[in-house]
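Quick notes on the structure that follows.
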DNA sequence: CTGAAAGCGCTTACAG
DNA sequence: CTGAAAGCGCTTACAG
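Structural data, given as structure tokens:
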């Protein structure tokens, strides 16, 4: 049995410091009205007694909460191994931003339909939820859309589908996609194909496609899209799209993909089929996932600023709770130049 | 301004159901003594009023907590982009396991020395902490060791250094390393080098080395270690170690690395220097990170069961809090055969 | 600037 | 099986 250690209360500190309990509470909550000398005695007594404010009591009495619920939507099988690492980087950014604002984060990974849970706010455990994750788990997104409709405070990353009207924060998909396509153009690629869904319900992907098409048009070139086969991992979808592209017989020399995992799959297949990247085909992805550093060649990509993404999401949620103006947020991106689009050395495939 | 919605209390439910407040509390907390008919009326009234137990009040009164603090130790600069994805998979496993046991997880990423924080338990926000992350942030590990010495309940993954005496859960490093080396031997590799620290303070790495040496010895072969240069990323350390190995002039045809990131760096350099993997050199890593699926060739590795790892950590913490026997935990691993060690087709380099 | 007192919303002995 | 009552440890008007 572990020894039940003595836990000091504010009354113990009050007695040790020779003041009343209310003064202890004021001093330790930083109320400036407390005399400096009094505060010092109290702080010292608290330190000696290893006293820390009981957060449940404080929350109950004040009604104030400093906790955000972060919901990571995973695949229905909840297998985290196959999970897009992009989401993890985002999670890190959110936790860091919350912490910098003195807030705590309750994190839950939710995937299985029968285990979805939005009771954080109703049970007063959090002021609201930040939701993000795979756009493929539609049941989960529908569930949290219903939570929001029901009065919960919900902010999401990305906005997975047109039917969803959650307040959102997104990457600067337009600027990122334009930078990606311009990078390909600047390095001599001309027959640049977009690999991703057509009419994509994921708005972030749709935005990337639109900017791709615009940028090509501005250069006097025709857009071309190679769509994905549903029901496969992003990596496998990239492989299949690249294979379909080769088999189509129509020449191409550049790929801009909806996300990095698709790009990595496509690159692997191109190499297998004897096409050199970047010599025959230039490839640029989107997301800045770490795996792109280790591919051969390393993947040129568009990387959102994850720290800013976390800040925007936390601030957006706080604003929503405070009833402030509905400002959406765009997160800046940067082009990360690695080896996969450094220039053609051969004729298009 | 957001409309301040009415929030029902147990008194409102009591009135609606025509019972006393104590009976509401009993019914909703699942006390079996409540009559079935009474319970039904109460549950229905609670549903109608959208009532949920206030978790702060419940915790304060009962003194019971169902929250675990999860501390992810990151590099001091808190840059999550470069963070080993292995840790993220572990985080997912922990959150899933806690959730399956009806517990919540407060997650914090901690790196900067001036922002380390272990007050979860003293402020009654959590029953204890699960700590894991980069072994390189010694200040952070020392800090949480001090927390444990100070009476906090702390369980860690891995145990970064001999000076640390935290209760731990670890992978079956011995079994994993043996499987890795046997896989290399089975595919014809004979001059197998371990790439990692010698006398490594990280016990997990030390265990991997020991099993490597034992397995080679059992096959009548000599161990050889190529150590890492401190102050670089794991990937860069792998590159440099592979370069040093080639430059040493001593032939080798297999690498077993302390972790996947090192293996990926080493593979990249081998290819750059014109050595084929797996034709000239077989490579096996440890961790099962997703990036290994996308490398060329894909990386054969030892993958711990992240779901089991999460369960063991949560259970270990609960046992520690309950004062139960100090059982450490080993997490099973499996050999993931991909392309990087499929057999030699040439003479050793 | 400090103290006495009320009360946040529950859980849980105790009584019946 | 149910109810009346105490009290968890704070914060915060109110009084001085």
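Chains as they are written, first to last, in the UniProt record's numbering: chain A, 1 to 349; chain B, 1 to 349. Cβ atoms here follow ideal geometry from the backbone N, Cα and C, with glycine treated the same way. Keep in mind it's a predicted model, so treat the numbers as computed, not measured.
Check whether residue i and residue j have beta carbons under 8 Å apart
{"i": "residue 75 of chain B", "j": "residue 290 of chain B", "result": "no"}
{"i": "residue 129 of chain A", "j": "residue 154 of chain A", "result": "yes"}
{"i": "residue 301 of chain B", "j": "residue 314 of chain B", "result": "no"}
{"i": "residue 255 of chain B", "j": "residue 281 of chain B", "result": "yes"}
{"i": "residue 234 of chain A", "j": "residue 261 of chain A", "result": "yes"}
{"i": "residue 278 of chain B", "j": "residue 340 of chain B", "result": "yes"}
{"i": "residue 10 of chain A", "j": "residue 24 of chain A", "result": "yes"}
{"i": "residue 55 of chain B", "j": "residue 115 of chain A", "result": "no"}
{"i": "residue 228 of chain B", "j": "residue 241 of chain B", "result": "yes"}
{"i": "residue 152 of chain A", "j": "residue 118 of chain A", "result": "yes"}
{"i": "residue 73 of chain B", "j": "residue 133 of chain B", "result": "yes"}
{"i": "residue 145 of chain B", "j": "residue 174 of chain B", "result": "no"}
{"i": "residue 131 of chain B", "j": "residue 109 of chain B", "result": "no"}
{"i": "residue 113 of chain A", "j": "residue 160 of chain A", "result": "no"}
{"i": "residue 93 of chain A", "j": "residue 306 of chain A", "result": "yes"}
Burial state of residue i, where buried means 16 or more other Cβ atoms lie within 10 Å
{"i": "residue 104 of chain A", "result": "buried"}
{"i": "residue 167 of chain B", "result": "buried"}
{"i": "residue 232 of chain B", "result": "exposed"}
{"i": "residue 1 of chain B", "result": "Unreliable positioning characterises residue 1 of chain B in this predicted model, as indicated by a pLDDT of 30, which lies under 50. The coordinate reading is nonetheless provided below. It counts as exposed."}
{"i": "residue 33 of chain A", "result": "exposed"}
{"i": "residue 70 of chain B", "result": "buried"}
{"i": "residue 253 of chain B", "result": "buried"}
{"i": "residue 58 of chain A", "result": "buried"}
{"i": "residue 266 of chain A", "result": "buried"}
{"i": "residue 13 of chain B", "result": "buried"}
{"i": "residue 3 of chain A", "result": "Unreliable positioning characterises residue 3 of chain A in this predicted model, as indicated by a pLDDT of 37, which lies under 50. The coordinate reading is nonetheless provided below. Looking at its Cβ environment, which holds fewer than 16 other Cβ atoms inside 10 Å, residue 3 of chain A is exposed."}
{"i": "residue 29 of chain B", "result": "exposed"}
{"i": "residue 50 of chain B", "result": "exposed"}
Residue interval of the beta strand (DSSP E) (run including residue i)
{"i": "residue 132 of chain B", "result": "129–133"}
{"i": "residue 171 of chain A", "result": "168–171"}
{"i": "residue 156 of chain B", "result": "154–157"}
Short CB-CB distance (under 8 Å) between residue i and chain B
{"i": "residue 118 of chain A", "result": "no"}
{"i": "residue 173 of chain A", "result": "no"}
{"i": "residue 99 of chain A", "result": "yes"}
{"i": "residue 264 of chain A", "result": "yes"}
{"i": "residue 1 of chain A", "result": "The pLDDT assigned to residue 1 of chain A is 30, lower than 50, so where the model puts this residue is not dependable, and the model offers no usable value."}
{"i": "residue 196 of chain A", "result": "no"}
{"i": "residue 237 of chain A", "result": "no"}
{"i": "residue 129 of chain A", "result": "no"}
{"i": "residue 204 of chain A", "result": "no"}
{"i": "residue 145 of chain A", "result": "no"}
{"i": "residue 291 of chain A", "result": "yes"}
{"i": "residue 148 of chain A", "result": "no"}
Residues bridged to residue i [DSSP beta-bridge criterion]
{"i": "residue 335 of chain B", "result": "B:302"}
{"i": "residue 107 of chain B", "result": "B:70"}
{"i": "residue 329 of chain A", "result": "A:169"}
{"i": "residue 256 of chain A", "result": "A:194, A:284"}
{"i": "residue 226 of chain B", "result": "B:195"}
Beta carbon proximity, residue i to chain A, threshold 8 Å
{"i": "residue 85 of chain B", "result": "yes"}
{"i": "residue 109 of chain B", "result": "yes"}
{"i": "residue 106 of chain B", "result": "yes"}
{"i": "residue 95 of chain B", "result": "yes"}
{"i": "residue 80 of chain B", "result": "yes"}
{"i": "residue 12 of chain B", "result": "no"}
{"i": "residue 52 of chain B", "result": "yes"}
{"i": "residue 103 of chain B", "result": "no"}
{"i": "residue 349 of chain B", "result": "The pLDDT assigned to residue 349 of chain B is 47, lower than 50, so where the model puts this residue is not dependable; a value taken from the coordinates is nonetheless given after this. Not closer than 8 Å to any Cβ of chain A, the Cβ of residue 349 of chain B fails to qualify, so no."}
{"i": "residue 132 of chain B", "result": "no"}
{"i": "residue 22 of chain B", "result": "no"}
{"i": "residue 92 of chain B", "result": "yes"}
{"i": "residue 60 of chain B", "result": "yes"}
N-terminal and C-terminal residue of the alpha helix (DSSP H) that residue i is part of
{"i": "residue 209 of chain A", "result": "203–218"}
{"i": "residue 38 of chain A", "result": "36–49"}
{"i": "residue 292 of chain B", "result": "291–294"}
{"i": "residue 9 of chain A", "result": "Per DSSP, residue 9 of chain A belongs to no alpha helix (DSSP H) and is neither H nor E."}
{"i": "residue 238 of chain A", "result": "234–248"}
{"i": "residue 24 of chain A", "result": "21–28"}
{"i": "residue 54 of chain A", "result": "No alpha helix (DSSP H) holds residue 54 of chain A; DSSP gives it neither H nor E."}
{"i": "residue 149 of chain B", "result": "138–149"}
Any non-hydrogen atom of the ligand ATP within 7 Å of residue i CB
{"i": "residue 182 of chain B", "result": "Looking for the ligand ATP in the displayed structure turns up nothing, as the structure carries no ligands at all."}
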